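Here the structure is laid out as structure tokens; the discussion comes afterwards.
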Amino acid sequence: MLTTIKEISAHVGKEVKVGGWLYNKRSSGKIQFLQLRDGTGFIQGILVKKQVSPEVWEQANHLTQESSLYVWGVVREDERAPGGYEMDITNIEVIQIAEEYPIAKKEHGVDFLMDHRHLWIRSPRQQAILRIRAEIIRAIQGFLDENGFTLVDPPVLTPSSCEGTTNLFHTKYFDEDAYLTQSGQLYMEAAAMALNKVYSFGPTFRAEKSKTRRHLIEFWMIEPEMAFVDHEESLKIQEQLVAHTVQAVLANCKQELKTLDRDLSALENIKAPFPRITYDEAVELLHKEGFADFTWGDDFGAPHETKIAESFDRPVFITHYPTEVKSFYMKPDPNRPEVVLCADMIAPEGYGEIIGGSQRIDDPVLLEQRYEQHALPREAYEWYMDLRKYGTVPHSGFGLGLERTVAWICGLDHVRETIPFPRMLYRLYP
RNA sequence: UCCUCAGUAGCUCAAUGGUAGAGCACCCGGCUGUUAACCGGUAGGUUGCAGGUUCGAGUCCUGCCUGAGGAGCCA
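Using numbering that gives the first Met the number 0, read the first sequence as starting at 0 and increasing by one per residue.
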């Protein structure tokens, strides 16, 4: 029966058996310090020459970094240990002496680490990030599940673009053309008409040649869609969802945040309600802040978003964008048809847009007009029009980008560390 | 696609146009409380590729390849 390092504190004074890997070793002539990890935590094992058999001592002498082994030892509290506990080793059983491990203890370049991503994820920092990612997913799903949402899975293979704007990954579907999904939203609208409040959680694919710290080719989105919910109510749900998620990470991932050296005060601020400014106000703000030549009607770029976010200590909603820069399905403001009922949520500290959402067009006549204005292939969108013909209702939805959210909460400078095996421009390996 | 920067030992990096080096890792030896342990030693090279200039090129020039950061686009 194995004991995990995570629960080692419950075994003080007793002998336990741990299965793990050696991530470092320091030795003197008559004492060896084995740094062990088992995926649940880290602990140091102490091996004293005159207290173990010559065979055990000799085996330990030949252990290399990342060798796998079973260790028997007596758990002891020790102030000198970073985790508070140590093991006095009584016996070891080597599973495998690892070959020379490529990832050394000193620093490495990004290219090298990305080529060894399958090994890189063993490091404490990467483990912490992946744990927080899992906690974020758990918190988001927990919040939605408890608030009346039903999980619905949209297809990954689709016959055409959902929005028609970005480049899609093309593949064959027997004799037909098919594309990897870039958003499940339109399908989620259909699901909302069946199940009321729904959300999807899955991968999306963008064949964009984007090469920045905020972009991945394959990334994960959470896309809630809500019948009978207007723009204003949707914003409330969004800010509660994000605040809940941040607080869950703060409560459940203290050790991981410490490993990442994350500034906790920046996260503790994140409570609803979030500030809101309209697109008009954002343009004004930019004019005052050194972007004098920004003209009304343009979409914001990354520098603009960062400048706007700097004015707030929590995520900010930018609402009511010009109709022309947004997608065809967004509902115009009844009082001002030149803008739409939409909002982007911009994360603080320069992490950019983490949510994009809107109220959707529910009027079949207006949607027809949009099809024509955007020259959408009618037959591919026939089913979407059906949603407005058979009992249309006001509805809203949004998409939350998981990796940007993880990058922000973890305080990372690049999204490539937020996903186990990032798919990036020109990088498909490992 | 565009702009900027970079490619030298397994890794991280040095090297005025003049004999290619250090630290770490590996291997060998030493050390009874180490915290990226430390000390000594061995070994480790087609300087991204192809041309060019030069008595001489890691260094200068041209082209290409690869990577990084950013832009556009987006979450």
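Every residue, glycine too, gets a C-beta built ideally from N, C-alpha and C.
Nothing here was measured: the structure is a model prediction, and the numbers come from that model.
Exposed or buried, which one is residue i when buried takes at least 16 other CB atoms within 10 Å?
| i | result |
| --- | --- |
| W295 | exposed |
| I42 | buried |
| M192 | buried |
| Y389 | exposed |
| Q368 | exposed |
| G356 | buried |
| A281 | buried |
| R79 | exposed |
| S8 | exposed |
| L263 | exposed |
| H286 | exposed |
| T180 | buried |
| L431 | Outside the shown range of the chain (0 to 429) lies residue 431, about which nothing can therefore be said. |
| F111 | exposed |
Does residue i come out as helix, strand or coil in the three-state DSSP assignment?
| i | result |
| --- | --- |
| N166 | coil |
| F111 | helix |
| H394 | strand |
| R431 | Shown here, the chain extends from 0 to 429; a query on residue 431 therefore has no answer. |
| T322 | helix |
| P202 | strand |
| I216 | coil |
| Q181 | coil |
| K171 | strand |
| P376 | coil |
| S8 | helix |
| I408 | helix |
| V55 | helix |
| N23 | strand |
| Y69 | strand |
| E416 | helix |
| Q50 | helix |
| Q368 | helix |
| M187 | helix |
| M384 | helix |
Within a Cβ cutoff of 7 Å, which residues of the same chain sit near residue i, ignoring the five residues on either side of it in sequence?
| i | result |
| --- | --- |
| Q95 | S66 and S67 |
| R25 | F32 |
| T258 | P123, R124 and A127 |
Please go through the same chain and pick out, in chain order, the residues whose beta-carbon is closer than 8 Å to the beta-carbon of residue i, but skip the five residues on each side of it.
| i | result |
| --- | --- |
| K13 | V73 and V74 |
| A346 | A308, P314, E352, I353, R403, T404 and W407 |
| G289 | K306 |
| W382 | A189 |
| F420 | R116, H117 and P429 |
| D332 | H319, V338, V339 and L340 |
| K16 | M0, L1, T2, Y69, V70 and W71 |
Is the distance from the Cβ of residue i to the Cβ of residue j below 7 Å?
| i | j | result |
| --- | --- | --- |
| I128 | C409 | yes |
| F148 | A206 | no |
| I276 | I236 | no |
| L62 | L21 | yes |
| P363 | R387 | yes |
| L234 | A342 | yes |
| E224 | M187 | yes |
| R422 | E217 | yes |
| A265 | E238 | no |
| V324 | D298 | yes |
| I131 | V248 | yes |
| L427 | K210 | no |
| Q372 | K330 | no |
| I221 | V245 | no |
Note down, in chain order, each residue of its chain lying with its Cβ closer than 6 Å to the Cβ of residue i, except the 5 sequence neighbours on either side.
| i | result |
| --- | --- |
| I418 | E402 |
| F142 | L240 and H243 |
| A226 | A191, N195, V392 and H394 |
| I251 | It should be pointed out that residue 251 corresponds to Asn in this sequence rather than to Ile. Contacts found: E134. |
| G44 | L33, L35, V70, G72, M86 and I88 |
| T157 | Y178 and T180 |
| W477 | With the chain covering 0 to 429 only, the question about residue 477 has no answer from this structure. |
| E416 | I128 |
Is residue i near the ligand ATP, going by C-beta to nearest heavy atom under 6 Å?
| i | result |
| --- | --- |
| I131 | The ligand ATP is not among the ligands present in this structure, which contains no ligands whatsoever. |
Exercise. Tell me the start and end of each unbroken alpha helix (DSSP H) in the segment 229-316 that is at least 4 residues and wholly inside, in chain order.
Key: 230-251, 253-258, 263-267, 278-287 and 301-308
Practice problem: List in chain order: all unbroken beta strand (DSSP E) runs of 3+ residues lying wholly within the segment 78-149. | Solution: 84-95
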